[in-house]
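J.:
Protein chains: 2
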Amino acid sequence: MASREFAFIDRLRLLATDPAARGLDDDVAVVGDLVLTHDMIAEGVHFLPSDPPASVGWKLVAVNLSDLAGKGAEPVAALMGMTLTGDAEWDERFLSGVGAACEAYALALVGGDTIALPAGTPRVLSMTAVGRAAEKIPSRSGGSAGDVLWVVGTLGDAALGLAALHADQEAEGPLVEAYRRPVPQLAAGRELAPRATAMMDLSDGLLLDAARLATASSCAATLDLDTLPLSRAFIAEAGSDRRARLLAATGGDDYALLAAFPAEFDPLSLSLPARTILARIGTLTDGEGLELFDAGGEVPLPEQLGYEHRAQNI
Amino acid sequence: MASREFAFIDRLRLLATDPAARGLDDDVAVVGDLVLTHDMIAEGVHFLPSDPPASVGWKLVAVNLSDLAGKGAEPVAALMGMTLTGDAEWDERFLSGVGAACEAYALALVGGDTIALPAGTPRVLSMTAVGRAAEKIPSRSGGSAGDVLWVVGTLGDAALGLAALHADQEAEGPLVEAYRRPVPQLAAGRELAPRATAMMDLSDGLLLDAARLATASSCAATLDLDTLPLSRAFIAEAGSDRRARLLAATGGDDYALLAAFPAEFDPLSLSLPARTILARIGTLTDGEGLELFDAGGEVPLPEQLGYEHRAQNI
């Protein structure tokens with residue numbers, strides 16, 4: 047998120063005083079027993095003009111469902127907004143991807159809006175996803191010093207996939223798939239939510255998002271780079287040294303989950319879906335800020351903690 | 047709405063099979079006791095680059111609340127998506143307009159998303175408004191032959207305001223205000239909803255929207271042009287002859303309400319807000335299609351029944 051987005055959101059916060067807004071710090075709003083999230087994706091920012099349209103449709107749904115996953119909510123319904131820029135085949139294929147994702151996650155598409163824009167205008171796609179909340183909806187701010195931080199899913203795959211596509215538009219493989227077709231961790235999120243003291247989905251990079259969770263919880267976070275969950279495809283491509291791990295920790299677009307649990311609770315005791323990847327990556331501590339270390343000792347923080355969704359030509 | 051939007055929505059309908067979607071025919075979706083609507087507005091299509099940013103913010107809220115008004119729902123919360131294109135002053139003033147409308151209608155802004163786009167990209171603004179439904183949520187499809195059609199609010203003001211702005215960017219006055227700052231008929235909508243057999247808000251022009259309501263209700267509609275509610279400002283500018291009335295019936299952007307009631311029910315008996323303008327404009331009949339008449343007899347249907355939100359340079 048670019049700095050002017052931050053400034054704007056600070057201004058927005060002054061308007062969003064209702065408790066349902068959760069200070070805008072939480073990716074979701076809570077209305078009754080429903081959890082609502084609204085995410086937009088734009089061509090050239092969140093997806094590439096060369097991405098297959100069906101994957102863009104899938105991604106629009108998945109990024110919204112990932113916000114629900116981060117709160118342990120069950121998908122109920124979605125409303126979609128899209129701009130039509132005169133390429134009916136693109137639109138049709140986009141829609142097939144939306145449909146595939148809705149079917150995969152039992153999400154009912156219940157409404158929305160379309161607007162015609164001049165050909166050549168970058169596409170802007172929006173979705174509001176509505177979920178049914180579990181008894182407890184973990185915020186970002188409920189963590190305490192001593193809590194242990196866990197990640198569900200692997201990190202860095204999408205960042206490598208995007209880099210591969212920048213180098214070669216025709217690139218393929220699991221890393222490109224991770225970028226184009228993220229998988230929201232809905233089932234794991236539902237299992238973790240009742241026990242997590244704080245939880246969120248990881249969309250902008252682990253370091254940036256962990257710093258946000260720690261700050262919201264009035265804590266510092268200490269992360270062990272050596273413990274980050276990396277996929278075999280990631281390691282095959284980038285290795286697993288400190289440099290590779292820093293890339294995984296800052297690349298963004300992971301749509302993994304970050305959750306804090308009291309030290310005495312072991313999330314491995316939960317009945318998580320088969321093949322769930324769960325890694326203990328650090329702790330919340332007294333103080334503020336972020337501290338990184340690995341087997342070699344303390345690791346200086348990189349200048350960019352996460353992926354900022356800046357438009358390419360700004 | 048342009049024809050390719052129609053084609054796209056037909057395709058979308060195949061996806062939106064959940065009863066909550068109401069066949070996508072209804073401007074809103076119903077989830078539990080909540081009514082949800084999602085509208086986007088785009089620069090150059092729904093507002094002018096020269097419009098005061100605060101009025102654009104107001105309009106984004108008002109067009110969404112008008113959908114809630116059409117279903118008799120009480121505003122509860124909204125999520126907003128917006129593109130930031132590098133003009134912080136515009137964004138700030140836009141937000142003050144959003145804030146003013148939220149305050150005026152007790153709408154809590156509870157979340158949303160912002161994305162940075164290259165300067166010069168047309169702004170795209172989205173909102174999902176959530177309302178609490180009354181006991182009965184009138185659809186478009188509940189009307190029967192014999193029902194009487196009523197309009198709440200005046201017609202044609204915004205169309206004249208937009209025409210004035212096209213002729214002179216500096217134009218002012220009540221017609222320009224009607225275009226820039228529509229007033230959602232929330233209080234009237236709540237009163238009418240329990241008794242209406244069918245109801246909707248009028249955003250695309252009376253003739254187009256009345257044809258939609260009639261079609262959804264498996265009826266024809268007969269409208270008396272002479273009875274259309276026109277404001278004094280409209281009449282002062284355009285007169286009230288057949289030509290002026292056809293303009294009012296097709297101009298769009300009215301954000302008035304169209305409701306059908308059984309012939310024996312008189313909506314004037316409801317306790318509507320002071321100064322509510324309520325006009326009996328026609329009837330639903332057996333058959334299909336739209337019939338127009340005035341004191342001079344039958345009036346041929348104009349080629350365009352309503353305002354199509356086509357991008358200006360398509």
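Read top to bottom, the protein sequences are chains L and U.
When we follow this note's numbering, the leftmost residue of the first sequence carries the number 47, and every step to the right adds one.
When we follow this note's numbering, the leftmost residue of the second sequence carries the number 47, and every step to the right adds one.
From the three backbone atoms N, C-alpha and C, an ideal C-beta is built for every residue, glycine too.
Here the structure is a predicted model, which is why all the values come from computation and not from measurement.
1. Taking only beta-carbon atoms, is ASP85(U) less than 8 Å away from chain L?
2. Along the chain, where does the beta strand (DSSP E) containing ILE161(U) start, and where does it finish?
3. Cβ atoms of VAL194(L) and ALA306(L): under 8 Å apart, would you say?
4. Return the CA-CA distance between LEU80(L) and ARG236(L), expressed in angstroms with no decimal places.
5. Roughly how many angstroms separate the alpha carbons of PRO240(U) and ALA262(L), rounded to a whole number?
6. Are three or more beta carbon pairs between the region 114-125 of chain U and the region 196-216 of chain L nearer than 8 Å?
7. Distance cutoff 8 Å, beta carbons only. Does ALA62(L) sit that close to anything in chain U?
8. For VAL222(L), which option in LEU232(L), LEU238(L), LEU163(L) and GLY202(L) has the closest C-alpha, if you only look at C-alpha atoms?
9. Are at least three pairs of beta-carbons, each pair with one atom in the region 258-275 of chain U and one in the region 337-346 of chain U, less than 8 Å apart?
10. For chain L, is any of its Cβ atoms less than 8 Å away from the one on LEU111(U)?
11. Does DSSP put THR129(U) in a helix, in a strand, or in coil?
12. Taking the CB atoms as reference points, tell me whether PRO275(U) and ALA108(U) lie closer together than 8 Å.
13. Buried or exposed, going by whether 16 or more other CB atoms sit within 10 Å of the CB of LEU248(L)?
14. Can you tell me where the beta strand (DSSP E) with ALA137(L) in it begins and where it stops?
15. Can you have a look at ALA179(U) and say buried or exposed, based on whether 16 or more other CB atoms are within 10 angstroms of its CB?
16. Three Cβ pairs or more, each shorter than 8 Å: is that satisfied between the region 201-221 of chain L and the region 109-117 of chain L?
17. By how many angstroms is the C-alpha of ALA75(L) removed from the C-alpha of PRO319(L)?
18. Could you tell me which whole beta strand (DSSP E) segments of length 3 or greater appear in the region 274-329 of chain U?
19. Give the straight-line distance between the Cα atoms of PHE93(U) and TRP104(U), rounded to the nearest whole angstrom.
20. Against PRO168(U), what residues of chain L qualify as contacts under a CB-to-CB distance less than 7 Å, listed in chain order?
21. Distance check for SER112(U) and SER142(U), CA to CA, integer angstroms please.
22. Are the beta-carbon atoms belonging to THR174(U) and LEU82(U) less than 8 Å from one another?
23. State yes or no: is the beta carbon of ASP56(L) nearer than 8 Å to at least one beta carbon in chain U?
24. Taking just the CA atoms, how far does ALA191(U) sit from ALA294(U)?
25. Please classify LEU351(U): does DSSP put it in a helix, a strand, or coil?
26. Between the C-alpha atoms of SER101(U) and MET128(U), what's the straight-line distance to the nearest angstrom?
27. Determine the DSSP secondary structure at GLY343(L), reduced to helix, strand or coil.
28. Determine the closest residue to ILE323(U) out of ALA302(U), GLY145(U) and PHE311(U), with distance taken between C-alpha atoms.
T.: Straight from the coordinates:
1. Yes, because at least one Cβ of chain L sits closer than 8 Å to the Cβ of ASP85(U).
2. 154-162
3. yes
4. Rounded to the nearest angstrom, the gap between the Cα atoms of LEU80(L) and ARG236(L) is 14 Å.
5. Cα-Cα distance, rounded: 45 Å.
6. no
7. yes
8. GLY202(L)
9. Using a C-beta cut-off of 8 Å, the region 258-275 of chain U makes contact with the region 337-346 of chain U, since at least three inter-stretch Cβ pairs fall below that distance.
10. no
11. Three-state result, THR129(U): strand.
12. no
13. So LEU248(L) ends up on the buried side.
14. Contrary to the premise, residue 137(L) reads as Asp rather than Ala in this sequence. Per DSSP, ASP137(L) belongs to no beta strand (DSSP E); it is in the alpha helix (DSSP H), 134-150.
15. buried
16. no
17. 27 Å
18. For the beta strand (DSSP E) assignment, the uninterrupted runs of no fewer than 3 residues enclosed by the region 274-329 of chain U are, from N- to C-terminal side, 302-307.
19. 11 Å
20. LEU163 and THR167
21. Taken atom to atom, the span from the alpha-carbon of SER142(U) to that of SER112(U) is near 20 Å.
22. yes
23. no
24. 25 Å
25. coil
26. 15 Å
27. If DSSP states are grouped into helix, strand and coil, GLY343(L) belongs with the strands.
28. ALA302(U)
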